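Down below is the structure, laid out as structure tokens.
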Amino acid sequence: MSSVKAQRNPQGSRRRKPVKTRSRRSEDAEDAPPMAARESSTPASTVTAKGALNYPADVVAATGPLFPNPQQLGFTEKRSRTPRSTPKWHLAQPRNLVTPPIHRDEWDVANQNKMEQMEAQRRGDYHGLYEDFQRMRDVERKEMEKRGLVDAEGAAKDLTEAISFQGSCLDMCPTFERIRRANENNVKAWEKDKATGQISRDLAVKAFSRPAAGQPPPLPSDVRPPQVLQTTLDYLVNNAVNFLPDSHSFVWDRTRSIRQDFTYQNSYGLEAVDCNERIVRIHLVSLHIMAGSDVEYSQQQELEQFNKALQTLIEIYQDVRNHGGNSPNEPEFRAYQLLSHYRDPEPEREIQTLPPHIYNHQLVQLALRLRQLMSQNNVVERGVKNSPGALDAYVAFFRTVYSTEVPFLMASLLEVHFNAVRFYAFKAMARSYHSKAGGLTVSEVTNMLGFESDADTESFAEYYGVGVATNEQGAKLIQVSSTTLNSIQDKPKRAQAVSSAVTAKIGSQKLSSIVDSGLPNDSFHMTVAPKILEAPKIKPKLPKKPYTPIEQSVSSQPYVFGQKPNQATSVAPTTTSQPYVFGQRPNQNQNNMPAVFGAKPQPEVAPSITSNGSVKPSFGAPTTNTNIGFPKIPQKEPAPIDLKVADTEPSRRKYTPVVSGSEEPPLFLNSMHIKKPENVPVKTETSFNAPSIKPASVTEAPVAPAAPASPPKLRDHPQFSAALSGVSQNLVSSVVDKEVRALIESSLRAHQSQRKNREAIIDQLTGELYQAFIQEIIHNYTMQIIGAHFEDRWLAKRAVKQIAHQARESLAQKKLRERKRDELESVSLTGSIKFEPMAKRSAPDFNYYLNYRRDMDELWKAVDFESFSSVRPGSKMIVVAEDWDHVLSDWLGKKLGLTKNELTGVYENRLVNFTITSLPKSDFSMKETFGATPFLLLECVIDDENYQTKLAQAVRVLQKLVALLSRYSTYNAQIGIVLWDQRSHPSPPSDIERHLRLDELNHNPSIQRVEVAHMAHSDNVNVEFERFINSLGQHYDASLTARGERRRSRANAHSRNTSSVSTFADVSQSMSFIDAKEAEVIAQGSIRKRRFGYLEKYRGTKRRRTSEAGSVNSSVYNYLDSTMASINASVYDSANQSSLSKAVAERDEKLADLQSVLQSAKKYIKRT
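Take the sequence shown: its position 260, counted from the start at 1, is 260 in full-length UniProt numbering, and no numbers get skipped.
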């Protein structure tokens, strides 16, 4: 710290630079004189840009050099070097932070109006219009290049010769593009007129066009000014953003085109800031809305355009700050930049250099806190460096994002990074949790990482190779220690996560109101005028002669540049010595006199010399000069000048003389602070663009001798003032009269035209209103007549229907009475039932009734499950139907013997060895429901209206059921599909099976076979259904799935008594089913007795009762025999062969109980 640094001064001495330390400052302060004394005695030292102290020369001379001869030690004298100018290829075009007013070229406006007229006249002929517009476009490009409004195609120019390009299209879409896209049939639905179906001028928006190599620069008529771009974005926000996600592709392309037009014009003013801010918000809203929809979109392209618009805003904010201004919404978008590049430390370093009102803003501080919470130190990605101070607080991160503190737009941006944060959170858990801990439950991981549901957690874990297991209690665990992937880029990118908590942040707001949120951009409040780089102007070449200021005695006469003082007579100028005067046209009959811009040339005056030596012009006879040969420079109309921006045009620059030794005056008007010499006389400003010429010296002009007598002047004439006043009045009156006449005539013509147009519109509206009124009256009367006619017809039809219904009911009652009478007459009152010969029966309806009743009983009779005798006890058949109240579903339930359980709401039929049940609606266990299910029956009903929908729904339900069977079932299942094709033209069975994707199910190892019962292609649905059920039972082989094999191996590992006990439990369960079946048979017998009880008194013999009892006994015996066979099969199928004797003993005991039950049943049947 005590070392010194030697520096070289201009005198060749070496001075020491002391290091600023606390002790040195204290010593200097003790010996130093007061501040006022130091300031008065020695000049203050200055500090250079590098921090070195530069002392004045007298101080250095007083202290002396450090070395007597520094050159001997190798030191050289410090020389001042002039810095090099910046090369042209390093010049950067400054941004236009101030939006100029719209200037439209007259030729361009006329050309656009002509194109619009052609479009209106030839609507629909887009091909012909496009060919005509292409020819007109070539002429337009040549004219724009000629007028300097657009660069020539392929011309090489540097930045100093660049033009200020400005668009002139006032529509949302240029006319040429509308015709081109209509001809190419490239029109979005949002741009079409609903009435005509064609592209509309009021709805069409300019599409994005990617600039390609060799493509000519755009024309002014193709580019919209900033004000029109802001109006276009207002239209998109109010009419398209609220219809996301349907309008996403349209909004994404049109907003990109808006940013492109801003770039073409180098416009970065208030309109550009407002549009880019709202475009960034549109991209943030789209990221969340599109991720939760089924509409296809690219997240990478969405983020790319979001980052480009955000980067443009950041650059504009910095330029505005460099000019002393500020942007009201900068903190919001600085926060988005911090979160968008949350792994890049550069935005966080940059935010610390901004003003306090931005750094301390609530959104910026929230973004910094979220960056800390989501920072992780185990990221393995290209270009990412892990910081040592990462918190890896993923739990706190998700809780903060889901809180009300984070707004919707910020949460939508963070939602993009949810998958990455969750993946590396799993990776961190793998290093933190021990493998013997068993893992975390799915619900715990769901709460920690903010998943939407447990299913999402399992899906995410399985996708990235994190194990999911089930513990002994049946709870699912996430084995975080089994994470194998090292980087999230090792697998294809997963779809963006969508959270309902982020969606809830929208509330009742419209998407357009979210986009339009934020503070208004009224002004940048810049204190420094922005510099605009413009093209250089052509300057006339002037002779390099010293300039001496001349005082003009007459302030109204302009000064003639090049006129020498002390000249008594006029000097005829030559082509080399006489300078060119701006605005003066050469004439053979006039001298090259000065002229103010726009003034008429005046005849030459003979100058006279005043008392102080200045030249005083006077009127005289014009002289002839024919040697003027200067080039003719075209005059352009001056553009409007913003006083806040420095004027850099040479033709508008004011000339100010500069004394010898001073620097050249600056270019901007607001920086021209040049002190006028005392001895320089005051002169008037000229419009000539004269360069700064340094005179050799400025001294007091000597007094000139008296001038000789001058000839009489015209203005000295006594009638000069009157003549001048008369000429002026005549000139003014003639001009005013001409202008007033023209104005009145144009006003009258315009008034007459408006009046005619108004009368034509009134006549047209009158005719349309009259036609509308007449049509409305006719329509009302027509509707009344049609209504009355319809009412009469409806009443007549209703009366006829009622009469027919009553007739049918009367006929049916009559036939019923006759049938009952015939039955009573055919029965003997004393003997047994006697049937009359068929020849004597006159009513064939009775046989038809018996056949119909027999067929109906057979149709609704339950199926015999005799083929299912080999099914293992405890197995289930799950039946899935869409609506059990439907007649087809009701028939299916009756055929399967299903009855509704009022407690659980499930339709079930508990047979001896297995159970037929419907799928519970809710609150059921997947494992218990699908655990032992070798049969799955699905009913599918399709018709003409919902053919595709029903098939698609059946495919989804079938795939879901197959997935559940594969996961939980222990048996290889058979899937049966009962298909009712109620369409007018049913499809072949092969087409239906192809739509149901049955080939995919046959390749599933957990599915034994798939069979479809096509009920529409069968003559007898009852026979077809019985064949279908018997086929399922015959193909049953009790094969186990991989899960069943594991369970059987675990069961064999237990004690042998466990298997025996479980088998007897199944037998006891079967016995309870037998008791229930017996009670059901007895109940059916009592019902049958009540049904035919009114005929009991006419029966005199016991033959019928005996036959009935015999049939009941046979059914009971058959049922018991099948039951015993199933019991024997279940016992002999036991896996434990050593306990066979015990099982036989138990079986004998159960058989004894069954025999007693059978005897009681026989007695009851005899009594009934």
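In this text, a Cβ means the ideal position worked out from N, Cα and C, and glycines have one as well. For clarity, every value in this text was computed on a predicted model and none was experimentally measured.
(message) Tell me the residue span of the alpha helix (DSSP H) that contains isoleucine 289.
(response) Along the sequence shown, one-based indexing puts residue 289 at 289. Its alpha helix (DSSP H) spans residues 270-291.
(request) Using only alpha-carbon positions, find the residue among Glu315, Gly292, Leu485 and Val285 that is nearest to glutamine 509. (result) Residue numbering aside, residue 509 sits at position 509 when the sequence shown is read from its first letter. Glutamine 509 has its Cα closest to that of Val285, out of Glu315, Gly292, Leu485 and Val285.
(message) Please identify the residue among Val445, Tyr971 and Ile744 whose C-alpha is closest to the C-alpha of glycine 874.
(response) Position 874 of the sequence shown, counted from the first residue, corresponds to residue 874. For glycine 874, the nearest C-alpha among the options comes from Tyr971.
(message) Taking 7 Å as the limit between beta carbons, can you name the residues of its chain near valine 515, skipping five residues before and five after?
(response) If you number the sequence shown from 1, residue 515 lands on position 515. Excluding positions up to five away in sequence, the list reads Val237, Val241, Arg278, Arg281, Ile282 and Val285.
(request) Figure out for me which residue from Pro989, Pro1005 and Gln959 has the closest Cα to the Cα of alanine 1013. (result) In the sequence shown, counting from the first residue as 1, residue 1013 sits at position 1013. Comparing Cα-Cα distances from alanine 1013 to each of Pro989, Pro1005 and Gln959, the minimum goes to Pro989.
(request) Give the DSSP-derived three-state secondary structure of leucine 485 in the structure shown. (result) Your numbering for residue 485 matches position 485 in the sequence shown. Correct three-state label for leucine 485: coil.
(message) Taking 8 Å as the threshold (C-beta atoms), are leucine 996 and alanine 1038 in contact?
(response) Numbered from its first residue, the sequence shown carries residue 1038 at position 1038. Numbered from its first residue, the sequence shown carries residue 996 at position 996. It is not a contact, given that the beta carbons lie outside the stated cut-off.
(request) Please report the residue range of the beta strand (DSSP E) in which tryptophan 107 lies. (result) Locating residue 107 in the sequence shown gives position 107, where the first residue counts as 1. Segment 106-121 is the alpha helix (DSSP H) holding tryptophan 107; no beta strand (DSSP E) there.
(message) Less than 8 Å between C-beta atoms, sequence neighbours within five positions excluded: which residues of the same chain meet that for tyrosine 463?
(response) Against the sequence shown, residue 463 aligns to sequence position 463. Lys491 and Arg494, listed in sequence order.
(request) Could you work out which residue in Glu153, Glu131 and Tyr130 is closest to arginine 141 when comparing CA atoms only? (result) Numbered from 1 along the sequence shown, position 141 holds the residue referred to as residue 141. Among Glu153, Glu131 and Tyr130, the Cα nearest to that of arginine 141 belongs to Glu153.
(request) For leucine 270, I'd like the list of residues in its chain whose CB is within less than 6 Å of its CB, leaving aside the five on either flank, ordered along the chain. (result) Residue 270 sits at position 270 when you count from the first residue of the sequence shown. Same-chain partners within the cutoff: Asn521.
(request) With DSSP collapsed to three states, give me the class of tyrosine 394. (result) Within the sequence shown, numbered from 1, the residue matching residue 394 stands at position 394. Three-state result, tyrosine 394: helix.
(message) Do serine 969 and threonine 917 count as a contact pair if the criterion is CB distance below 8 Å?
(response) On the sequence shown, residue 917 is found 917 positions in, with the first residue counted as 1. On the sequence shown, residue 969 is found 969 positions in, with the first residue counted as 1. Result no, Cβ atoms of threonine 917 and serine 969 do not sit closer than 8 Å.
(message) With three or more C-beta pairs closer than 8 Å as the rule, is the stretch 406-422 touching the stretch 475-486?
(response) no
(request) Could you work out which residue in Glu1000, Ile977 and Arg1043 is closest to glutamate 1024 when comparing CA atoms only? (result) On the sequence shown, position 1024 is the one that residue 1024 refers to. Here the closest residue by C-alpha is Ile977.
(request) Measure the beta-carbon distance from phenylalanine 914 to methionine 856 and round it to whole angstroms, keeping in mind my assumption that it falls under 8 Å. (result) Locating residue 914 in the sequence shown gives position 914, where the first residue counts as 1. Locating residue 856 in the sequence shown gives position 856, where the first residue counts as 1. No, phenylalanine 914 and methionine 856 are not in contact; Cβ-Cβ is about 29 Å, not under 8 Å.
(request) Whole angstroms is fine: what's the gap from alanine 788's alpha carbon to glutamate 776's? (result) One-based indexing of the sequence shown puts residue 788 at position 788. One-based indexing of the sequence shown puts residue 776 at position 776. The straight-line gap from Cα to Cα measures roughly 18 Å.
(message) Spatial neighbours of serine 293 within its chain, please: C-beta separation below 7 Å, excluding the five flanking residues on both sides.
(response) Translated into the one-based positions of the sequence shown, residue 293 becomes position 293. Answer for serine 293: Pro245, listed in chain order.
(request) Give the straight-line distance between the Cα atoms of phenylalanine 176 and tyrosine 130, rounded to the nearest whole angstrom. (result) As a first step, residue 176 is located in the sequence shown; it is residue number 176 there, counting from the start. As a first step, residue 130 is located in the sequence shown; it is residue number 130 there, counting from the start. Distance between the alpha carbons of phenylalanine 176 and tyrosine 130: 8 Å.
(request) Using the DSSP secondary-structure output, state which residues sit across from serine 875 in a beta bridge. (result) Residue mapping note: residue 875 aligns to position 875 of the sequence shown, counting from 1. Beta-bridge pairing links serine 875 to Phe914.
(request) Measure the C-alpha to C-alpha separation of proline 345 and glutamate 993 and round it to an integer number of angstroms. (result) Looking up residue 345 in the sequence shown gives position 345. Looking up residue 993 in the sequence shown gives position 993. Whole-angstrom Cα-Cα distance: 59 Å.
(message) Within a Cβ cutoff of 8 Å, which residues of the same chain sit near arginine 369, ignoring the five residues on either side of it in sequence?
(response) As a position in the sequence shown, residue 369 is number 369, starting the count at 1. Taken in chain order, the residues that qualify are Thr400.
(request) For alanine 469, write down the residues that DSSP places opposite it in a beta bridge. (result) Residue 469 sits at position 469 when you count from the first residue of the sequence shown. Answer by DSSP bridge pairing, in chain order: Leu477.
(request) Determine the DSSP secondary structure at leucine 236, reduced to helix, strand or coil. (result) Start at 1 with the first residue of the sequence shown, and residue 236 comes out as number 236. Three-state DSSP puts leucine 236 in a helix.
(message) Checking 8 Å against the spacing of the C-beta atoms, do alanine 367 and leucine 338 come in under that value?
(response) For the purposes of this step, residue 367 is taken as the residue at position 367 of the sequence shown. For the purposes of this step, residue 338 is taken as the residue at position 338 of the sequence shown. In this structure, leucine 338 lies closer than 8 Å to alanine 367 by Cβ.
(request) State yes or no: is the C-beta of aspartate 132 within less than 8 Å of the C-beta of methionine 118? (result) For the purposes of this step, residue 132 is taken as the residue at position 132 of the sequence shown. For the purposes of this step, residue 118 is taken as the residue at position 118 of the sequence shown. The answer is yes: Cβ separation under 8 Å.
(request) Using the DSSP secondary-structure output, state which residues sit across from leucine 743 in a beta bridge. (result) Walking along the sequence shown from the start, residue 743 turns up at place 743. None; leucine 743 has no bridge partner.
(message) Taking only three categories from DSSP, how would you classify alanine 1152?
(response) Counting from 1 along the sequence shown, the entry for residue 1152 is found at position 1152. Correct three-state label for alanine 1152: helix.
(request) Mind reading off the beta-carbon distance from histidine 983 to aspartate 1019? Whole number of angstroms is fine, and I expect it under 8 Å. (result) What you label residue 983 is simply residue 983 of the sequence shown in a count that begins at 1. What you label residue 1019 is simply residue 1019 of the sequence shown in a count that begins at 1. For the record, residue 983 in the displayed sequence is arginine; it is not histidine. So it is not a contact: roughly 18 Å between Cβ atoms.
(request) Taking all protein chains shown into account, decide if histidine 985 is buried (16 or more other Cβ within 10 angstroms of its Cβ) or exposed. (result) Residue numbering aside, residue 985 sits at position 985 when the sequence shown is read from its first letter. Exposed: under 16 other Cβ atoms inside 10 Å.
(request) Would you grab the beta carbon distance between serine 867 and glutamine 1034 for me? Rounded to a whole angstrom, and I think it's under 8 Å. (result) In the sequence shown, the residue the question calls residue 867 occupies position 867. In the sequence shown, the residue the question calls residue 1034 occupies position 1034. That belief holds up - the Cβ atoms of serine 867 and glutamine 1034 are roughly 5 Å apart, short of 8 Å.
(message) On the criterion of 16 or more Cβ atoms from any shown chain inside 10 Å, does lysine 895 qualify as buried, or is it exposed?
(response) What you label residue 895 is simply residue 895 of the sequence shown in a count that begins at 1. It is buried - the Cβ of lysine 895 has at least 16 other Cβ atoms within 10 Å.
(request) List the whole-angstrom C-beta distance separating alanine 425 from serine 481, where the pair is believed to meet the contact cut-off of C-beta under 8 Å. (result) The residue given as residue 425 occupies position 425 in the sequence shown. The residue given as residue 481 occupies position 481 in the sequence shown. Going by Cβ atoms, the distance from alanine 425 to serine 481 rounds to 14 Å, so no, they are not a contact pair.
(message) Does isoleucine 506 come out as helix, strand or coil in the three-state DSSP assignment?
(response) Position 506 of the sequence shown, counted from the start, is the residue given in the question as residue 506. Correct three-state label for isoleucine 506: coil.
(request) Within the same chain, show all residues whose beta-carbon is closer than 8 Å to that of lysine 863, passing over the 5 residues directly before and after it, in chain order. (result) By 1-based counting over the sequence shown, the position of residue 863 is 863. Strictly speaking, residue 863 in this sequence is valine, with lysine absent from that position. Lys895, Leu896, Gly897, Phe1025, Glu1026 and Ile1029, listed in sequence order.
(request) Return the CA-CA distance between threonine 899 and serine 1031, expressed in angstroms with no decimal places. (result) Counting from one through the sequence shown, the residue named residue 899 turns up at place 899. Counting from one through the sequence shown, the residue named residue 1031 turns up at place 1031. Roughly 24 Å separates the two Cα atoms.
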